[in-house]
Structures are given as structure tokens and as C-alpha cells.
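Colleague: In the working numbering, the protein residues as written are 683 to 884.
For glycine and all other residues, C-beta sits at the position ideal for the given N, C-alpha and C.
My structure is below; once you've seen it, I'll send some questions.
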Amino acid sequence: MKKYLTEFLGTFVLVYAILTFSNPMFIGITLAIIIYIGYHFSGAHYNPAVTFCIYLMKKITLQESFFYICSQFFGSLSASYLKFLISGILINRFDNIDYNFFEIIACEILFTFFLISTILLFAVSKKTRGNYIYGFLIALTVFISILAVGNISGAVLNPAVAIGPLLISNFIEGQDIIGNLFYYLLGPVLGSYFATKVYCFF
Numbered sequence: 683m684k685k686y687l688t689e690f691l692g693t694f695v696l697v698y699a700i701l702t703f704s705n706p707m708f709i710g711i712t713l714a715i716i717i718y719i720g721y722h723f724s725g726a727h728y729n730p731a732v733t734f735c736i737y738l739m740k741k742i743t744l745q746e747s748f749f750y751i752c753s754q755f756f757g758s759l760s761a762s763y764l765k766f767l768i769s770g771i772l773i774n775r776f777d778n779i780d781y782n783f784f785e786i787i788a789c790e791i792l793f794t795f796f797l798i799s800t801i802l803l804f805a806v807s808k809k810t811r812g813n814y815i816y817g818f819l820i821a822l823t824v825f826i827s828i829l830a831v832g833n834i835s836g837a838v839l840n841p842a843v844a845i846g847p848l849l850i851s852n853f854i855e856g857q858d859i860i861g862n863l864f865y866y867l868l869g870p871v872l873g874s875y876f877a878t879k880v881y882c883f884f
């Protein structure tokens, strides 16, 4: 139960930070902090794409994966609803009408691949076990991703980051953007799958 609570709270803090800060540096700092806080409790996934990777690595069971992802989604929904109650509006990072399907999906796959590879190499690999820079490197990867493709796909890389704001925006604010959720489910999952398979191959 402790690990699922950690995932809920960590995802809550991450999503709230993303909806609050426009500066990617502050988002990266927030992510690094919650990774270091939660790593020894749950592995500090805060991202269904990461959980999917860890499941493919056979480090958690299918049942554990399900509860991890549920905790992450509820954390995202709770953070999005609280932000809406406080501010009355959500920052819309998911309405990418200037870019086509393939551009958005390609960005999400490529940079999720980048993120998951960093996690596997520095937070999962036995060769780097015991290092203290994993949280910094993961946060730096997200920071670089936002700078690189934030204006194209939003650099979401995380289905949980998208689902809360999109559902609240669609059903409470009345914005018709729920269809965009497909990008942020498919892209990160594929990026995670490819990164895990490449890591296992080598």
C-alpha cells in the first residue's frame, strides 16, 4: 500500500507542478525532488510508461502494474481538479492543432525512448547501482525534452500527465480536446516498449 500511496502523491505533485510552472527548469527540479523522496518506497515511477517498462523487465507483476497505474491516474486527476478549483482554468499544453498526427507521435515516441533509456541505464541497471545522480539525470532528460519538443507535442512523455488535465478540460471546462489523449497514450507506451527492448538486447 505504501508504494501505491507514494505513486499517487508523487504523480499529484508532478502534475500540479506542470500545471503551475511554465519554466521547464522548475518542473525538472520538482521531478528530481520527488524521485529522490519516493525511489526507495515505490521506485518513483510516477508515469505509466515507466511502470510498463519495469513490468517488461519482470521487476513487478501485472497486478502491481495495474495498481501503480491506477494510483498515477488518480494522482493526476486529483492534481488537475485541485488546480482547476484554485485557478478556475488549466494551462492547455495539449491542443497541438499546428502539428499533425505523425509529428506529435514521433516526438512522444523518440523522447520517451530517451527518458526510459536514461531510467534503465542509471536507475535500473546493476552496473550503475548505488549512484546518486539518477534523479538529476532523469529530471535533466525531461528538461531537455521540454526544450526540444515542448512546442510540438508538449513533451508529455507520460500518459498520467495528460489524462488528468485533458479529462478536466474536456468534462468541466468544456474544451473538446479529449481526442488528443490518444497521442499521449500511444506515443509514450511505444517509446517505453522500444527503449526496453533495445536495453534488453544489448
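Just curious, the alpha helix (DSSP H) that F804 is in, first and last residue?
Modeller: Per DSSP, F804 belongs to no alpha helix (DSSP H) and is neither H nor E.
Colleague: Assuming G873 contacts F795 (C-beta within less than 8 Å), just tell me the rounded distance between them.
Modeller: 4 Å
Colleague: Do F690 and F756 have their beta-carbon atoms positioned less than 8 Å apart in this structure?
Modeller: Yes; because the gap between Cβ atoms is below 8 Å, this pair is in contact.
Colleague: Quick one: Cα of T823 to Cα of C735, how far?
Modeller: Approximately 17 Å, taken between the alpha carbons.
Colleague: If we count Cβ pairs, one from each stretch, closer than 8 Å, do we get three or more for the region 858–867 versus the region 837–849?
Modeller: yes
Colleague: Ends of the alpha helix (DSSP H) at K765?
Modeller: L744 to S769
Colleague: For the region 690–700 against the region 715–727, are there 3 or more C-beta pairs whose distance is under 8 Å?
Modeller: As far as the Cβ criterion goes, the region 690–700 touches the region 715–727, which means the pair count is three or higher.
Colleague: May I ask which residues mark the beginning and end of the alpha helix (DSSP H) holding K684?
Modeller: K684 to T702
Colleague: Taking the alpha-carbon positions, what's the V871 to L767 distance?
Modeller: 30 Å
Colleague: Do Y718 and G817 have their C-beta atoms closer together than 8 Å?
Modeller: Yes, these two residues count as a Cβ contact at 8 Å.
Colleague: Where does the unbroken alpha helix (DSSP H) through F884 begin, and where does it stop?
Modeller: Taken as a continuous stretch (DSSP letters only), F884 belongs to no alpha helix (DSSP H), as it is neither H nor E.
Colleague: Roughly how many whole angstroms lie between the Cα atoms of V831 and C789?
Modeller: Straight-line Cα distance between these residues: approximately 7 Å.
Colleague: Using the Cβ count rule (16 or more neighbours within 10 Å means buried), how would you classify G710?
Modeller: buried
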